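Asks: Each step along the sequence shown adds one to the number in my numbering, with nothing skipped, and position 41 is 276.
This structure is in structure tokens; I'll ask about it shortly.
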Amino acid sequence: MWYVYFLRCADNSLYAGITTSLERRLLEHNQCNKKAAKYTRVRRPVALVYAEPHPDRQQASRREYQLKQLSKHNKEKLVASYFP
């Protein structure tokens with residue numbers, strides 16, 4: 236199972252990514268290691284605010300691309316629907 240996720244960064248921005256383990260990936264983003272994305276390394280701490288499962292990497296990647304194309308407003312609406 237693959238997941239598409241949004242992280243809320245310390246500067247209130249949103250970061251989108253994909254992973255097979257949300258728990259592991261969140262730790263990687265928050266720890267000082269080279270596995271964290273460059274974007275989140277300077278915007279710590281980050282918190283998981285949205286996730287959706289997909290059966291394979293290809294579908295997760297396609298959905299990640301769609302989410303990254305959304306406006307900030309629509310991303311925020313999606314996150315709000317996840318945590319009403």
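In this text, a Cβ means the ideal position worked out from N, Cα and C, and glycines have one as well.
Since the model is a prediction, treat every value here as computed from it, not as a measurement.
What separation, rounded to the nearest whole angstrom, lies between the Cα atoms of L257 and L242?
Replies: Position 22 of the sequence shown holds residue 257. Position 7 of the sequence shown holds residue 242. Rounded to the nearest angstrom, the two C-alpha atoms are 11 Å apart.
Asks: Per DSSP, Y238 forms a beta bridge with which residues?
Replies: Position 3 of the sequence shown, counted from the start, is the residue given in the question as residue 238. DSSP output for Y238 lists T254 and P288 as bridge partner(s).
Asks: Determine which residues share a DSSP beta bridge with L262 and list them.
Replies: Within the sequence shown, numbered from 1, the residue matching residue 262 stands at position 27. The partner list for L262 (beta bridge, DSSP) is empty, contrary to what the question assumes.
Asks: Secondary structure at L283, three-state DSSP: helix, strand or coil?
Replies: Along the sequence shown, read from residue 1 onward, the residue named residue 283 stands at position 48. Three-state result, L283: strand.
Asks: Report yes if the C-beta of K307 is less than 7 Å from at least one heavy atom of the ligand ADP; otherwise report no.
Replies: This structure does not include the ligand ADP; it has no bound ligands of any sort.
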